[in-house]
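Under our numbering, think of the first position of the sequence shown as 5, with each following residue one higher. This report concerns only the one structure given below.
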Amino acid sequence: MYLTEKQEQVLKFIEEYQLEYGKSPTIKEMKEYFQVKSDNSIIKVIKALEEKKMLQKDNTPRGIKLLNAVKQKFEKASEVITLPLLGEIPAGGPTLSEENIVDFVSVGDIGVRHRDNSFLLRVRGDSMEDAGIFEGDLVIVDQKLEPKYGNIVVALVDNGNTVKRFMKDENGHEYLKPENQRYGPIYPKNELQIQGVVTGLIRNY
């Protein structure tokens, strides 16, 4: 079955999202990820994937269900790889040198786009819990990906590392957005340093 590049991208995003969070993404979340303004642009792709028997969509916000053939395709493509787990990221940026690595963890390759440029980081605090990221979880971080507005990233703020959503306000100012209503946006005093894009998550049970 032929899929356009955009259809493949959306399908892969849905699969990775389901693996990370145990639920399907909403239209709004897909719109933010792909940085499009209109719901219709995402809805058109979803309908095309439905017609091609890649997924089913009901009327609920998270009502996307991948069909078995698609699941099997991703499962066959998946392999186990090992990534370094870093402790505190130094202020100069994440380096995969031996002194910064506290452990190695085996993960599936879905969510790992650039194996040699990815690492794991343990989440601290509850500021991202509305995005399904909880304290103690491990996030997969890709240093090679160029961060886009709407991405969840690891950033350096006031000499400390934090996991937040990378955003831009109506005045053109970049800031970090927590996914918890108890916390406000973070506007860095100095230049914002993005140290990697979060591409996957390992739940801490």
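We put the CB at the ideal spot given by N, CA and C, even for glycine.
Environment of residue i [buried if 16+ CB atoms lie within 10 Å]
i           : result
residue 21  : buried
residue 203 : buried
residue 107 : exposed
residue 110 : exposed
residue 168 : buried
residue 42  : exposed
For residue i, the nearest candidate out of the options (CA to CA)
i           : options            : result
residue 198 : 181, 150, 175, 109 : 150
residue 166 : 43, 182, 88, 32    : 182
residue 133 : 30, 184, 67, 10    : 184
residue 128 : 118, 139, 27       : 139
residue 36  : 152, 141, 117      : 152
residue 17  : 8, 28, 87          : 28
Other residues of its chain near residue i: CB distance less than 8 Å, five sequence neighbours each side excluded
i          : result
residue 14 : 34, 38, 46, 49, 50, 53
Cα-Cα separation between residue i and residue j, rounded to whole angstroms
i           : j           : result
residue 219 : residue 164 : Residue coverage of the chain in this structure runs from 5 to 209, which leaves residue 219 outside it and unanswerable.
residue 63  : residue 23  : 22 Å
residue 130 : residue 91  : 18 Å
residue 30  : residue 137 : 16 Å
residue 11  : residue 116 : 20 Å
Sequence-distant residues of its chain with Cβ nearer than 6 Å to residue i (five each side left out)
i           : result
residue 155 : 170, 201
Contacts around residue i, its chain only, beta-carbon distance under 7 Å, and the 5 residues preceding and following it disregarded
i           : result
residue 61  : 50, 54, 67, 68
residue 101 : With a pLDDT of only 47 at residue 101, under 50, the local geometry of the prediction cannot be trusted, and the value read off the model is given with reservation. Contacts found: none.
residue 196 : 159, 178
### Query
Can we say the region 141-150 touches the region 113-130, given the rule of at least three CB pairs closer than 8 Å?
yes
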